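Sequential numbering of the sequence shown, starting at 1, is according to the working numbering.
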Amino acid sequence: MKYRNAKAVLPERLLIELQQYVKGEIIYVPSNDVDRAGWGEANGTKAKYMSRNNEIGLLYRNGMSLNEIATRFYLSECSIRKIVNSYLVCKK
1 MKYRNAKAVL PERLLIELQQ YVKGEIIYVP SNDVDRAGWG EANGTKAKYM SRNNEIGLLY
61 RNGMSLNEIA TRFYLSECSI RKIVNSYLVC KK
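In structure tokens form, the structure reads like this:
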């Protein structure tokens, strides 16, 4: 996030209006949510976890135990149970 002087980037009438609310303070102007990628979409993390979770769901559906899956993926049985439950709900 980069600091920019409002006087250099805003029209004068907008600057005057803004000064009625904040004078001499630093404010944060968030980017438009439309321009922003969702969690994990920009770097591929979301796709990676979706793929892993689908694999976990398939292994469970094919008869592998929660304990075996947990050991294989280095996750707790509780985490595997949550993934399997969401997989089964989505695949109905």
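Don't be surprised by glycine CBs; every beta carbon is placed ideally from N, CA and C.
Everything numeric in this text was worked out from a predicted model, so none of it was measured.
query	result
Best match in Ile69, Arg4 and Ile16 for proximity to Asn54 [C-alpha to C-alpha]	Ile69
Assigned exposure category for Ile56 - 16 Cβ within 10 Å defines buried	buried
Sequence-distant residues of its chain with Cβ nearer than 7 Å to Ala37 (five each side left out)	none
Own chain, CB closer than 8 Å to Arg52, minus 5 neighbours either side, in chain order	Phe73
Helix, strand or coil at Tyr21 [DSSP, three-state]	coil
Leu15 and Lys7 closer than 8 Å at C-beta	yes
Stretch pair the region 13 to 28 + the region 43 to 50: three plus CB contacts closer than 8 Å	no
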